Amino acid sequence: MGAFLGDPPKPLLLSVQSGPAISMPGMMDTVVNLGLNDEAVAGLAAKSGERFAYDSYRRFRDMFGDVVMGIPHSLFEEKIENLKHAKGAKLDTELSASDLKKLVEQYKNVYLEAKGEKFPSDPKKQLQLAVNAVFDSWDSPRTIKYRSINQITGLKGTAVNIQCMFLKSIVYLEGIKELLELGEAVGTQSRGLSQDLISMLPVKKFKCGFFSRRNQEMRGITKEGLHCSLQFWNYETKWK
Numbered sequence: 008m009g010a011f012l013g014d015p016p017k018p019l020l021l022s023v024q025s026g027p028a029i030s031m032p033g034m035m036d037t038v039v040n041l042g043l044n045d046e047a048v049a050g051l052a053a054k055s056g057e058r059f060a061y062d063s064y065r066r067f068r069d070m071f072g073d074v075v076m077g078i079p080h081s082l083f084e085e086k087i088e089n090l091k092h093a094k095g096a097k098l099d100t101e102l103s104a105s106d107l108k109k110l111v112e113q114y115k116n117v118y119l120e121a122k123g124e125k126f127p128s129d130p131k132k133q134l135q136l137a138v139n140a141v142f143d144s145w146d147s148p149r150t151i152k153y154r155s156i157n158q159i160t161g162l163k164g165t166a167v168n169i170q171c172m173f174l175k176s177i178v179y180l181e182g183i184k185e186l187l188e189l190g191e192a193v194g195t196q197s198r199g200l201s202q203d204l205i206s207m208l209p210v211k212k213f214k215c216g217f218f219s220r221r222n223q224e225m226r227g228i229t230k231e232g233l234h235c236s237l238q239f240w241n242y243e244t245k246w247k
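Basically my numbering = 1-based index in the sequence shown + 7.
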């Protein structure tokens with residue numbers, strides 16, 4: 008990949024998640040975009056654009072603060088809701104790159120106020136803390152309750168899977184506004200909202216499908232890895 012953990016010009020981002028012998032979906036903790044800091048986000052912005060980079064950064068700070076550091080998610084949510092109100096925005100996707108930069112700075116203050124210390128900027132330290140948090144989530148009340156309800160016994164713990172985040176280029180950019188709105192809807196679905204509620208969101212008509220492996224190159228996209236390309240015709244999104 009040519010990317011390295013903690014290397015600002017070519018930052019390697021990681022996903023840290025559980026790997027129990029028996030699947031327990033949604034019960035144990037996960038951290039994504041690990042490896043971002045003030046230097047690495049600049050490198051990501053140079054490759055993928057400022058808005059994408061700083062949106063990823065603020066989401067990572069929120070997730071890391073909640074899952075790893077025990078900072079209530081509501082403290083971060085309050086900041087973004089106040090910013091959207093000030094900007095007259097209804098959706099997160101309506102915030103600009105400049106807005107998201109300001110939000111990252113506000114999130115830094117959340118850390119200071121809640122923990123009395125700065126956000127851990129060393130990616131190796133982030134990784135150590137995240138791994139420990141995923142291990143600890145094995146004994147969280149919701150995980151214990153899930154194992155009890157589903158009669159899962161005989162397991163002594165979980166593995167922790169560390170994987171690189173593989174970001175693919177977007178092939179067609181003429182529908183970027185619709186893509187951002189689609190991403191907002193998919194994000195809410197992952198937070199457990201019902202399909203009926205998702206269908207009420209202001210998202211353009213779209214068809215969705217599973218990610219698939221491609222064996223051929225397509226408009227400069229390498230054949231290795233997992234990717235999804237999007238095409239837009241008359242505001243209709245089609246997954247290919």
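We put the beta carbon where it would ideally sit given N, CA and C, even for glycine.
Since this is a predicted model, take the numbers as computed values, not measurements.
Please confirm if the stretch 43 to 56 is in contact with the stretch 137 to 157, defined as three or more CB-CB distances below 8 Å between the two stretches. They do not touch, by the three-pair rule.
Going by Cα to Cα distance, which pick from Val117, Gly77, Met172 and Lys109 is closest to Phe83? Looking only at Val117, Gly77, Met172 and Lys109, the smallest Cα-Cα distance to Phe83 is reached by Val117.
Nearest-angstrom Cα distance between Gln196 and Thr100? Residue placement at Gln196 is poorly supported in this model, since its pLDDT is 42, which falls under 50; the coordinates still yield a value, given next. Cα-Cα distance, rounded: 16 Å.
Can you give the Cα-Cα distance for Leu19 and Leu162, rounded to whole angstroms? Rounded to the nearest angstrom, the two C-alpha atoms are 32 Å apart.
Cβ neighbour criterion (16 or more within 10 Å) applied to Ala140: Buried is the label assigned to Ala140, since at least 16 other Cβ atoms lie within 10 Å of its Cβ.
Should Lys86 be labelled buried (16 or more other beta-carbon atoms within 10 Å of its own) or exposed? buried
Taking the CB atoms as reference points, tell me whether Gly72 and Ala121 lie closer together than 9 Å. Yes.
Spatial distance of Gln24 from Asn168 (CA atoms): 5 Å
Going by DSSP, what residues sit across from Phe59 in a beta bridge? Paired residue(s): none; Phe59 is not in a bridge.
Among the residues of its own chain, which have a CB less than 6 Å from the CB of His80, if the five just before and after it don't count? Asp73
Please list the terminal residues of the continuous beta strand (DSSP E) segment that includes Val167. Ala166 to Cys171
In three-state terms, what does DSSP make of Gln158? coil
Specify whether the stretch 58 to 72 and the stretch 102 to 119 touch according to this definition: at least 3 beta carbon pairs, one from each stretch, less than 8 Å apart. Segments in contact, yes.
Could you tell me the boundaries of the beta strand (DSSP E) in which Ser30 lies? Segment: none, Ser30 is in no beta strand (DSSP E) and carries neither H nor E.
Under the DSSP definition of a beta bridge, which residues are partnered with Gly26? Ala166
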